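Q: Structure in structure tokens, see below.
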Amino acid sequence: MESTDQELIAAVLDGDASSFEPLVTRYQPRVFATARRYARRKDEVEDIVQEIFIKAYRKLSTYRAEAPFENWLMRMAVRTCYDFLRKHQRNREHNVTEISSEENDWLENVGEDTTERESKRDAAKALVNRLLEGLSPDFRLVITLLEIEEKSVKEIAELTGWSVSLVKVRAHRARNQMRKMLARVAPEKYL
Amino acid sequence: MKLDQIIEKLLLTARKDQPSDRVPYAFEKRIMAQIADLPSADDLWAAWSRLLWRAVAPCAAVAVLTVVVWVSVSPAQPDRAMLDPELEEIVAMAIELPAE
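These protein sequences, in sequence, are chains A and B.
Throughout the first sequence, residue numbering follows my numbering, covering 84 to 274 in sequence.
Throughout the second sequence, residue numbering follows my numbering, covering 2 to 101 in sequence.
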């Protein structure tokens, strides 16, 4: 029978480091999916995931079993991804102003049925990634959690350690920044 | 189409585009190898204590050097017995001068 998270954690805290491995195996798919929302390169994603699990191992003694281990781990994952974004925030504006012809086509035809087609969807994905990369780290984090992962403001506050009102303010400003970036891409159309 | 509608459409695309949860082969082994290499808390204290002991000799040398330099550079202390009458004389002169 598989050991529970609590049993494994107790064993690690008793000095059996190998009991941490089943915890890694259990949660690494979710942690990888989270890291891939903020980093694209394979080596960057792997480094983030590694950092998350090593932090978790080091801070395991601070885990109070009041909430599931997964919640505690995901909080650490989100905060580590945020640190990653802050470290890699150079060249943000540059990414947004230069869009590809496919992305431009998508913008030109937005609202028409053609934009729903598979081939056009890639252009939309590229454009939304470009916009997200152009946001500041706190704005990108809040938009990802609120609009893409569809978490509640309260959940985001718990994950990030920000207050509920700060999450709301940042979400509002992030949307404004997205609007401005999009208008800058095609000013003749939207201004 | 308004900007907000376009943003909503783009975010909808992002929502549908779930990132992969694929894990590289034996990734957990890599994590466990990193954990095995981590210094334990005892090791950290031992390293800190070694650093402190290593700092003792240079700190003592700097202290001795400072005392030596201070003793050799600072002016010799005047003899108190000689100073007292001189001081009294100078003060007395200063008091007497305006009267002249």
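Glycine is no exception: its CB is placed at the ideal position from the N, C-alpha and C atoms.
The structure displayed is predicted, hence computed values, not measured ones.
1. Look at the alpha carbon of residue 247 of chain A and the alpha carbon of residue 88 of chain A, and state the distance between them as a whole number of angstroms.
2. Since residue 231 of chain A meets chain B, which of its residues come closer than 8 Å, beta carbon to beta carbon?
3. Rounded to whole angstroms, what's the CA-CA distance from residue 134 of chain A to residue 52 of chain B? Just pull it up for me.
4. Within 8 Å (strictly less), CB to CB, does residue 23 of chain B reach chain A?
5. Using a threshold of 8 Å, state whether the C-beta atoms of residue 250 of chain A and residue 240 of chain A are closer than that.
6. Once you ignore the five residues that flank residue 96 of chain A on each side, which residues in its own chain have a CB closer than 8 Å to its CB?
7. Using a Cβ-Cβ cut-off of 8 Å, state whether residue 31 of chain B counts as contacting chain A.
8. Let me know if residue 172 of chain A comes out buried or exposed under the rule of 16 or more other beta-carbons within 10 Å of its beta-carbon.
9. Can you tell me the Cα-Cα spacing of residue 91 of chain A and residue 24 of chain B, whole angstroms?
10. Please list, in chain order, the chain A residues whose beta carbon lies closer than 7 Å to that of residue 66 of chain B.
11. May I have a chain-ordered list of the alpha helix (DSSP H) segments no shorter than 4 residues that lie completely inside the region 2-70 of chain B?
12. Mind listing the chain B neighbours of residue 208 of chain A? Cutoff is C-beta to C-beta under 8 Å, in chain order.
13. Taking its Cβ as the centre, do 16 or more other Cβ atoms sit within 10 Å of residue 263 of chain A, making it buried, or is it exposed?
14. Can you check whether the CB of residue 158 of chain A is closer than 8 Å to the CB of residue 242 of chain A?
15. Can you name, in chain order, every residue of its own chain whose Cβ lies under 6 Å from the Cβ of residue 186 of chain A, other than the five neighbours on each side?
16. Compare the C-beta of residue 222 of chain A against all C-beta atoms of chain B and say whether one is closer than 8 Å.
17. With 8 Å set as the bound, which would you pick, yes or no: does the beta-carbon of residue 27 of chain B sit closer than that to a beta-carbon of chain A?
18. Cβ atoms of residue 121 of chain A and residue 156 of chain A: under 8 Å apart, would you say?
19. Kindly indicate which three-state DSSP category residue 192 of chain A falls into: helix, strand or coil?
20. Any beta-carbon of chain A closer than 8 Å to the one on residue 37 of chain B?
21. Apart from the five residues just before and just after residue 102 of chain A, which ones in its own chain have a Cβ nearer than 7 Å to its Cβ?
22. In whole angstroms, give me the CA-to-CA distance for residue 35 of chain B and residue 63 of chain B.
23. Just to confirm, is the Cβ distance from residue 18 of chain B to residue 113 of chain A under 8 Å?
24. Run the CB neighbour count on residue 91 of chain B, radius 10 Å, all protein chains shown included, and call it buried at 16 or more, exposed below.
25. Look at residue 234 of chain A and residue 228 of chain A and say whether their C-beta atoms are less than 8 Å apart.
26. Rank A:162, A:266, A:104, A:219 by C-alpha distance to the C-alpha of residue 181 of chain A and give the top, closest one.
27. Return no unless some Cβ of chain A is closer than 8 Å to the Cβ of residue 53 of chain B.
A: Inspection of the coordinates gives the following:
1. Mapped onto the first sequence, residue 247 of chain A falls at position 164. Mapped onto the first sequence, residue 88 of chain A falls at position 5. Each residue's alpha carbon lies about 30 Å from the other.
2. Within the first sequence, the letter at position 148 stands for residue 231 of chain A. Within chain B, the C-beta atoms nearer than 8 Å to that of residue 231 of chain A come from 12, 15, 16, in chain order.
3. Position 51 of the first sequence, counting from 1, holds the residue named residue 134 of chain A. Position 51 of the second sequence, counting from 1, holds the residue named residue 52 of chain B. Straight-line spacing of the CA atoms in residue 134 of chain A and residue 52 of chain B works out to 27 Å.
4. Along the second sequence, read from residue 1 onward, the residue named residue 23 of chain B stands at position 22. Interface flag for residue 23 of chain B against chain A is set, since a Cβ pair is found closer than 8 Å.
5. Reading the first sequence from its first residue, position 167 is the one you call residue 250 of chain A. Reading the first sequence from its first residue, position 157 is the one you call residue 240 of chain A. Yes; because the gap between Cβ atoms is below 8 Å, this pair is in contact.
6. Along the first sequence, one-based indexing puts residue 96 of chain A at 13. Once the five neighbours on either side are set aside, the close Cβ partners of residue 96 of chain A are 143, 144.
7. Here residue 31 of chain B refers to the residue found at position 30 of the second sequence. Contact of residue 31 of chain B with chain A is assigned, a C-beta pair being separated by under 8 Å.
8. In the first sequence, counting from the first residue as 1, residue 172 of chain A sits at position 89. Only exposed fits residue 172 of chain A, as fewer than 16 other CB atoms lie within 10 angstroms of its CB.
9. Taking the first sequence and counting its residues from 1, one reaches residue 91 of chain A at position 8. Taking the second sequence and counting its residues from 1, one reaches residue 24 of chain B at position 23. Rounded to whole angstroms, residue 91 of chain A to residue 24 of chain B spans 21 Å at the Cα level.
10. Numbered from 1 along the second sequence, position 65 holds the residue referred to as residue 66 of chain B. Residues of chain A whose Cβ lies closer than 7 Å to the Cβ of residue 66 of chain B do not exist, since the nearest Cβ in that chain is about 42 Å away.
11. DSSP runs (the alpha helix (DSSP H)) wholly in the region 2-70 of chain B: 4-17, 28-38.
12. Taking the first residue of the first sequence as 1, we reach residue 208 of chain A at position 125. 14, 15, 18, listed in chain order.
13. What you label residue 263 of chain A is simply residue 180 of the first sequence in a count that begins at 1. Under this definition residue 263 of chain A is an exposed residue.
14. Your numbering for residue 242 of chain A matches position 159 in the first sequence. Your numbering for residue 158 of chain A matches position 75 in the first sequence. Yes, the Cβ-Cβ distance between residue 242 of chain A and residue 158 of chain A is below 8 Å.
15. Translated into the one-based positions of the first sequence, residue 186 of chain A becomes position 103. Leaving aside the five residues that flank residue 186 of chain A on each side, the residues in its chain whose CB is nearer than 6 Å to its CB run, in chain order, 206, 209, 210.
16. Position 139 of the first sequence, counted from the start, is the residue given in the question as residue 222 of chain A. No, residue 222 of chain A does not count as interfacial toward chain B.
17. For the purposes of this step, residue 27 of chain B is taken as the residue at position 26 of the second sequence. Using a Cβ-Cβ cut-off of 8 Å, residue 27 of chain B does not count as an interface residue toward chain A, since no Cβ of chain A sits closer than that to its own.
18. Against the first sequence, residue 156 of chain A aligns to sequence position 73. Against the first sequence, residue 121 of chain A aligns to sequence position 38. The answer is no: Cβ separation not under 8 Å.
19. Position 109 of the first sequence, counted from the start, is the residue given in the question as residue 192 of chain A. Coil.
20. Here residue 37 of chain B refers to the residue found at position 36 of the second sequence. Residue 37 of chain B counts as touching chain A.
21. Here residue 102 of chain A is taken as the residue at index 19 of the first sequence, counted from 1. Taken in chain order, the residues that qualify are 91, 94, 95.
22. By one-based count along the second sequence, residue 35 of chain B stands at place 34. By one-based count along the second sequence, residue 63 of chain B stands at place 62. Near 41 Å, if we compare the C-alpha coordinates of residue 63 of chain B and residue 35 of chain B.
23. As a first step, residue 18 of chain B must be located in the second sequence, where it is residue number 17. As a first step, residue 113 of chain A must be located in the first sequence, where it is residue number 30. Not closer than 8 Å, so no.
24. In the second sequence, the residue the question calls residue 91 of chain B occupies position 90. By the 10 Å Cβ count, residue 91 of chain B comes out exposed.
25. Residue numbering aside, residue 234 of chain A sits at position 151 when the first sequence is read from its first letter. Residue numbering aside, residue 228 of chain A sits at position 145 when the first sequence is read from its first letter. In this structure, residue 234 of chain A lies near residue 228 of chain A, with their beta-carbon atoms less than 8 Å apart.
26. Indexing the first sequence from 1 puts residue 181 of chain A at position 98. Nearest C-alpha to residue 181 of chain A: A:266.
27. As a position in the second sequence, residue 53 of chain B is number 52, starting the count at 1. Residue 53 of chain B has a beta carbon lying at 8 Å or more from every beta carbon in chain A.
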